[in-house]
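Novice:
Number of protein chains: 2
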Amino acid sequence: MEMPSPNPAILARKAELAARLSAVLPADALIQDEVETRAYECDALTAYRCPPLLVVLPRTTQQVSQVLRICHQEGVPVVPRGAGTSLAGGALPTADSVILGVARMNEVLETDYDNRVIRVQTGRTNLSVSGAVEEEDFFYAPDPSSQLACAIAGNIAMNSGGAHCLKYGVTTNNLMGVTLVMMDGTVVEIGGAHLDAGGLDLLGVICGSEGQLGVVTEATLRILHKPEGARPVLIGYDSNEVAGACVSDIIKAGVLPVAIEFMDRPCIEACEAFAKAGYPMCEALLIIEVEGSPDEIDHQLKLITEIARSHNPVELREAQDAEEAGRIWLGRKSAFGAMGQINDYMCLDGTIPVTELPMVLRRIGELSKQYGLDVANVFHAGDGNMHPLILFDANKPGDLELCEEFGADILKLCVEAGGCLTGEHGVGVEKRDLMLHQYAPEDLEAQLKVKDVFDPQWLLNPAKVFPLAVTEARRVGGVAAQ
Amino acid sequence: MEMPSPNPAILARKAELAARLSAVLPADALIQDEVETRAYECDALTAYRCPPLLVVLPRTTQQVSQVLRICHQEGVPVVPRGAGTSLAGGALPTADSVILGVARMNEVLETDYDNRVIRVQTGRTNLSVSGAVEEEDFFYAPDPSSQLACAIAGNIAMNSGGAHCLKYGVTTNNLMGVTLVMMDGTVVEIGGAHLDAGGLDLLGVICGSEGQLGVVTEATLRILHKPEGARPVLIGYDSNEVAGACVSDIIKAGVLPVAIEFMDRPCIEACEAFAKAGYPMCEALLIIEVEGSPDEIDHQLKLITEIARSHNPVELREAQDAEEAGRIWLGRKSAFGAMGQINDYMCLDGTIPVTELPMVLRRIGELSKQYGLDVANVFHAGDGNMHPLILFDANKPGDLELCEEFGADILKLCVEAGGCLTGEHGVGVEKRDLMLHQYAPEDLEAQLKVKDVFDPQWLLNPAKVFPLAVTEARRVGGVAAQ
Chain C
1 MEMPSPNPAI
11 LARKAELAAR
21 LSAVLPADAL
31 IQDEVETRAY
41 ECDALTAYRC
51 PPLLVVLPRT
61 TQQVSQVLRI
71 CHQEGVPVVP
81 RGAGTSLAGG
91 ALPTADSVIL
101 GVARMNEVLE
111 TDYDNRVIRV
121 QTGRTNLSVS
131 GAVEEEDFFY
141 APDPSSQLAC
151 AIAGNIAMNS
161 GGAHCLKYGV
171 TTNNLMGVTL
181 VMMDGTVVEI
191 GGAHLDAGGL
201 DLLGVICGSE
211 GQLGVVTEAT
221 LRILHKPEGA
231 RPVLIGYDSN
241 EVAGACVSDI
251 IKAGVLPVAI
261 EFMDRPCIEA
271 CEAFAKAGYP
281 MCEALLIIEV
291 EGSPDEIDHQ
301 LKLITEIARS
311 HNPVELREAQ
321 DAEEAGRIWL
331 GRKSAFGAMG
341 QINDYMCLDG
351 TIPVTELPMV
361 LRRIGELSKQ
371 YGLDVANVFH
381 AGDGNMHPLI
391 LFDANKPGDL
401 ELCEEFGADI
411 LKLCVEAGGC
421 LTGEHGVGVE
431 KRDLMLHQYA
441 PEDLEAQLKV
451 KDVFDPQWLL
461 NPAKVFPLAV
471 TEARRVGGVA
481 AQ
Chain L
1 MEMPSPNPAI
11 LARKAELAAR
21 LSAVLPADAL
31 IQDEVETRAY
41 ECDALTAYRC
51 PPLLVVLPRT
61 TQQVSQVLRI
71 CHQEGVPVVP
81 RGAGTSLAGG
91 ALPTADSVIL
101 GVARMNEVLE
111 TDYDNRVIRV
121 QTGRTNLSVS
131 GAVEEEDFFY
141 APDPSSQLAC
151 AIAGNIAMNS
161 GGAHCLKYGV
171 TTNNLMGVTL
181 VMMDGTVVEI
191 GGAHLDAGGL
201 DLLGVICGSE
211 GQLGVVTEAT
221 LRILHKPEGA
231 RPVLIGYDSN
241 EVAGACVSDI
251 IKAGVLPVAI
261 EFMDRPCIEA
271 CEAFAKAGYP
281 MCEALLIIEV
291 EGSPDEIDHQ
301 LKLITEIARS
311 HNPVELREAQ
321 DAEEAGRIWL
331 GRKSAFGAMG
341 QINDYMCLDG
351 TIPVTELPMV
361 LRRIGELSKQ
371 YGLDVANVFH
381 AGDGNMHPLI
391 LFDANKPGDL
401 ELCEEFGADI
411 LKLCVEAGGC
421 LTGEHGVGVE
431 KRDLMLHQYA
441 PEDLEAQLKV
451 KDVFDPQWLL
461 NPAKVFPLAV
471 TEARRVGGVA
481 AQ
């Protein structure tokens, strides 16, 4: 992964920059020691590492604004960071950048059950947002697998989803307003606890913008009343195509389960070996969960199991109690851990139209043979969000590069199938060059122009999202140079 | 309503401009006769009128692109127009502008039931989108009152909602992709039949942008399977406060009706006189509709009527059959027509947090006395989208101005209550000066900068959305002048 060369002039001014930053921050909010900054050298895409110049850990929007204003004046790149759980290198530093971590900004600012909203500082973890409202039986819907650790800031940056987003939508569908600090330090309020925005609605473009447009320090989130109950059903098929057809039929019938998860044989085997969930050994396994009152659950499961049976499953098991439901989910939820025990793996993230599932799985199988690397597939099938895991050996020279090439081919396949090279992990550094595969030049140009106006010098989260050559050309020839 | 002075240089070049446009359009697609262009002098906000310079009615994206390119080269303002049903003057011409009407672009381009999407040209009417898929029992969810006439182009421009949007969301929640023609003629594809967008997701800012950023010629829309059935319940209360409290409790309990409509006494009286729907004469009437299977309907109505009864209603009537359901809705759906029979009226459109309903209604009542103008309130209470109707006499000198002043006070009240000066009608010309009340200068500046990059000369839909002074300053001093 090629990264931009650090700017030597910035490196030389480290002490001076640290002095300016320390003047606006509490003593414990600036990290400049090289051993300590090393803790921020990577995120969850650990294949790439680069220690930053400095790390700041502000506690307030005002401090964030002051830090950005100083970096803007000094021409220093800034990499915003939530909890560092990005799987796409979204928080990877450059050597001449300041990491702006929001992890200490984790307060609940307001809880309003009557209007079903909560306002938090964005360093708060996803799960602890639900934790803050659970005593009133409310929850925050988007549930990325990393929800115990990941921050709302990162969820907003990547427009994160999760297993239960089929029914409730992803982050953008549950985000009502943000406080955004722009690169020049300007603090902007966008959206709020109401359903529309007068004029241009900037909230949608902020959500999923991967720290390219500003730093989101506070967020107003939709909270929902917990359903009375939920129950999963486990359905096994002897082919991916048939399982895919079953998913299509359920969606088409207008039933809306809260989750439809899909695992292929390599994934089933790994999960079963790891979690002993009692999964049948078959080609494809679906976990479909519905929720509501007992009557509603019965009614929806009846419709779903009728459709599932018409496709001749090799197994169909409704959870009879909470213990069995827990076991059904345990296997799926430990999928990444299970795969990690067997092999190094790279987790991909693309989206396809649901009907293309069988075709895409078949092609992935063919590519797997061609590259000589195994793939396990586990994904949110209801909304076509795929997570192929490519297995490789990090200690074998060339294997990582081969894996990356294979991964790129799978994501191109998603685009060709009418889908998208991202689902919920973002573009980051991982997929920036594939953007040219997704977008025509004029489509990409429209995005670049919006980046130009929010961050004319292209200082925010450098070398991500857009192809490196585009970023570098923009820095010297774009609005920045005017 | 002050409008910008027409540019005399443009008026003088009318014949030349018509010649250039006719070279790229079919013979019947250019209207230059002054009698015929008069048909486009206003939209549904008929208090303001201004015939445009020319009208073009293209049939393809390519023709739209050519028209925009020519107008861009000539520096001629363009007013995009769907079906002209805007209640906020969103399609009001200026004397030196070309009206670009998309009404003839009404083809269905693709229907994909398996992936639940339809792709249409945006001149197609809202209801005829559902019409195109009803034989397979699908529908398009957003349902503005004008759905028989209004075009998808206008729905996207205004982010339209409707009575049934509480459950299904508004346009932005059902829009998956657009083809956008920018002012310089560039054609851009944004989004598609997949759930995420790599990089910056521009779809959200395009939706609701009121023709400020480009002309949307094609759209990919989410279609849904029709529910098995639906049933409304009519609930009357002897105070607005109690009705408001009932709505809050229903929302808080986590029940999700497909619609919660609210009418106050003046509206009830007018509707009853007009439609003979059998409404009780009381202070506040709620129509709450749920849908699903018969079991689901029973279950949800049980929860709702329990909550409603705890607030001591003066009337509570579940529809027993389709005929009674139809009658319950008839009154509500004829509300605007009923009011129009009694008086001239101005229909406002603002959004507030649901819990502020009683306070806002009380303040509107006080303002009504102060201004000496009656108000009838009818609105989508579930999501806090208000539609106060101010009654006035268009033939009485000064009454319109008084009505506008009163309307502005109501919308300011919405903003003060933590809401927004728009719900689903947009800002248009009607509320452009109120934008300074909603947004701090730096918040508005972020919007203006995005407008700058999509339309640097500020030619698209002039004198709308932003305060007139801001638009004029931007035209001469903004990016356009660089």
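Protein sequence lines, in the order shown, are assigned to chains C and L. The opening position of the first sequence corresponds to residue 1 in UniProt numbering, with each subsequent residue numbered one higher. The opening position of the second sequence corresponds to residue 1 in UniProt numbering, with each subsequent residue numbered one higher. Just so you know, even glycine gets a beta-carbon here, dropped at the ideal spot from N, CA and C. Computed from a predicted model, the values in this text were never measured in an experiment.
1) Name the residues in the region 182-195 of chain C whose C-beta lies less than 8 Å from a C-beta of chain L; which are they?
2) Mind pulling the chain L residues with CB within less than 8 Å of C/Phe466?
3) Whose CA, out of C/Leu92, C/Leu109, C/Leu221, lies closest to the CA of C/Pro142?
4) If distances are taken between C-alpha atoms only, which option among L/Val255, L/Pro257, L/Leu285 comes closest to L/Glu269?
5) Is DSSP giving C/Ala259 helix, strand or coil here?
6) With a CB to CB cut of under 7 Å and the five nearest residues on each side skipped, what residues in its chain are close to L/Asn106?
7) Check the DSSP bridge columns for L/Thr111 and list the partner residues they point to.
8) Taking only beta-carbon positions, decide if C/Met359 is within less than 7 Å of chain L.
9) Identify whether L/Val224 lies in helix, strand or coil by the three-state DSSP scheme.
10) Please classify C/Leu285: does DSSP put it in a helix, a strand, or coil?
11) Is the shortest distance between the beta-carbon of L/Cys150 and the beta-carbons of chain B less than 7 Å?
12) Whole angstroms are fine: how far does the CA of C/Arg363 sit from the CA of C/Val290?
13) For the alpha helix (DSSP H) containing C/His437, list its first residue and its last residue.
14) With which residues is C/Cys50 paired in a DSSP beta bridge?
15) Could you tell me whether the Cβ of residue 483 of chain C comes closer than 7 Å to any Cβ of chain L?
16) Along the chain, where does the beta strand (DSSP E) that runs through C/Met176 open and close?
17) Taking the Cβ atom as the reference point for each residue, do C/Ala338 and C/Ala259 lie within a distance shorter than 7 Å?
18) For L/Asp114, tell me which candidate among C/Glu134, C/Asp249, C/Lys464 has the shortest Cα-Cα distance.
19) Run the CB neighbour count on L/Leu444, radius 10 Å, all protein chains shown included, and call it buried at 16 or more, exposed below.
20) Is L/Gly198 closer than 7 Å to C/Cys420 when the C-beta atoms are compared?
21) Alpha carbon to alpha carbon, how far is L/Val56 from L/Leu68?
22) Using Cβ-Cβ distances below 7 Å, what residues of the region 102-131 of chain L are close to chain C?
23) Could you work out which residue in C/Pro8, C/Asp43, C/Arg59 is closest to C/Leu30 when comparing CA atoms only?
24) Assuming C/His299 is part of the alpha helix (DSSP H), what are its boundary residues?
25) Are C/Pro266 and C/Ala376 touching if we call contact CB-CB under 7 Å?
26) Taking the beta strand (DSSP E) that C/Asp344 belongs to, which residues open and close that run?
27) For L/Arg231, which of helix, strand or coil comes out of DSSP?
28) Below 7 Å between beta carbons: does that hold for L/Leu316 and L/Ala308?
29) With C/Gly331 as the anchor, note down where its alpha helix (DSSP H) starts and where it stops.
30) So is L/Met158 in contact with chain C if we call contact Cβ pairs under 7 Å?
31) Can you find a CB in chain C that lies within less than 7 Å of the CB of L/Leu202?
32) Any idea which residues DSSP pairs L/Ile190 with across the strands?
33) Sorted by chain position, which residues of the same chain lie with C-beta nearer than 6 Å to C/Gly418's C-beta, five sequence neighbours on each side aside?
34) When the cut-off is 7 Å and only beta carbons count, does L/Ser248 lie next to chain C?
35) At a CB-CB cut-off below 9 Å, which residues of chain C make contact with L/Thr422?
36) What are the complete alpha helix (DSSP H) segments, minimum 4 residues, inside the region 48-96 of chain C?
Specialist: Straight from the coordinates:
1) Met182, Thr186, Val187, Val188, Glu189, Ile190, Gly192, Ala193, His194, Leu195
2) Gly199
3) C/Leu221
4) L/Leu285
5) strand
6) Gln121, Gly123, Arg124
7) L/Ile118
8) no
9) Just to set this straight, residue 224 of chain L is Leu in the shown sequence, not Val. Three-state DSSP puts L/Leu224 in a strand.
10) strand
11) Any reference to chain B falls outside this structure, whose protein chains are C and L.
12) 31 Å
13) 435-438
14) Looking at the DSSP assignment, C/Cys50 forms no beta bridge with any residue, so it has no partner.
15) Outside the modelled stretch of chain C, which goes from 1 to 482, sits residue 483 of chain C, for which no answer is possible.
16) 175-181
17) no
18) C/Asp249
19) buried
20) yes
21) 11 Å
22) Tyr113, Asp114, Asn115, Arg116
23) C/Arg59
24) 294-309
25) yes
26) 344-347
27) strand
28) yes
29) 322-333
30) no
31) yes
32) L/Val178
33) Pro353
34) yes
35) Asp196, Ala197, Gly198, Gly199
36) 61-74
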